[in-house]
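Report on one structure; see the data block that follows.
There are 2 protein chains.
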Amino acid sequence: MMDERQAVAAFAALGQEHRLRIVRQLVTAGPDGMAAGMLAEAVGVSGTNLSFHLKELTHAGLVGSRREGRSIIYSAAYPDLSDLIQFLMRDCCQGRHEVCAPAVAALAACCTPTGDDSHA
Amino acid sequence: MMDERQAVAAFAALGQEHRLRIVRQLVTAGPDGMAAGMLAEAVGVSGTNLSFHLKELTHAGLVGSRREGRSIIYSAAYPDLSDLIQFLMRDCCQGRHEVCAPAVAALAACCTPTGDDSHA
DNA sequence: TCTACGTTTCAACAATGGTTGAAATGTTGA
DNA sequence: TCAACATTTCAACCATTGTTGAAACGTAGA
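Chains A and B supply the protein sequences, listed in that same order.
All residue numbers for the first sequence refer to the UniProt record's numbering, where the first residue is 1 and numbers rise by one.
All residue numbers for the second sequence refer to the UniProt record's numbering, where the first residue is 1 and numbers rise by one.
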């Protein structure tokens, strides 16, 4: 369960053009992640600069990394992104379900496979 | 549909202790909102400082305001918060539904009334 | 109109954050 | 061990941001 301090750090990390691109690139890349070098090229920043931002994102808990040969592979921390979203909307309803139903619907629409509507 | 520039502004706005508290206070307060003065007391900042942060949040599109007597009532912009969440997770699945299912489940659990499971 | 109240604007300051190039670290294959 | 590669660290600079108190603005009621 995320606390305020962590949430501030996470949002601050995402509130920067290059870092938001990095996270979105990694989210899109999926669990396998991407090497730092390719990430730098994809996002359009220097190696030095990417390293700075990756350190920030790592410290905020939004990305993870592993070494693979000479490369270091970064990947999105999906569980922490979930926690962050949940923190932002926590206590939003106050009994009024309709207030935040659109947010639920939007996220569900983004992530629920069409056709395969298994309720599990 | 939110673009990158808006998302960066929104996340940057949320990435500050006092502003995150303000937004959460307003989210908790519900659609009726709160007067600026009560908000300042609840969050623990001076009037001047609150005004500064509210301007930032307004510019980021995360809060709205209306005058009521001498007070100005601020309230959370729920649709924009939904958009922001959706932007962050957009394209996350890449065919792998299980990757972001936890985020959907977390948000749904927060906002779905227990017992009353109307699918509307 | 006058006074009190709630909120915002302004100007100044201290602190933080992003970018850059050069140098250091760690890894691989010859 | 050596040279080439991938990434990080370091130090310096410039720009942005958060905070503060005083002053200004707009509204309500006497």
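From the three backbone atoms N, C-alpha and C, an ideal C-beta is built for every residue, glycine too.
What's the call for residue i, buried or exposed, on a 16-neighbour Cβ count within 10 Å?
i, result
"B:S71", "exposed"
"A:M89", "buried"
"B:D83", "buried"
"B:R24", "buried"
"B:C100", "buried"
"B:G69", "exposed"
"A:V43", "buried"
"B:G47", "exposed"
"A:M1", "exposed"
"B:A109", "exposed"
According to the Cβ coordinates, are residue i and residue j closer than 9 Å?
i, j, result
"A:A13", "A:L50", "no"
"A:A36", "A:L54", "yes"
"B:L57", "B:I85", "no"
Who are residue i's beta bridge partners in DSSP?
i, result
"B:I72", "B:R67"
"B:A103", "Looking at the DSSP assignment, B:A103 forms no beta bridge with any residue, so it has no partner."
"A:M34", "A:Y74"
Comparing the C-beta of residue i with each C-beta of chain B, is any distance below 9 Å?
i, result
"A:V63", "no"
"A:T58", "no"
"A:E68", "no"
"A:V23", "yes"
"A:F52", "no"
"A:A42", "no"
"A:T48", "no"
"A:A77", "no"
So, is the C-beta of residue i closer than 9 Å to a C-beta in chain A?
i, result
"B:I73", "no"
"B:S82", "yes"
"B:M89", "yes"
"B:V45", "no"
"B:L39", "no"
"B:G15", "yes"
"B:A108", "yes"
"residue 130 of chain B", "Because chain B spans 1 through 120 in this model, residue 130 of chain B falls outside it and cannot be assessed."
"B:A12", "yes"
Meets three-Cβ-pair contact criterion under 8 Å: the region 27 to 36 of chain B and the region 73 to 82 of chain B | yes
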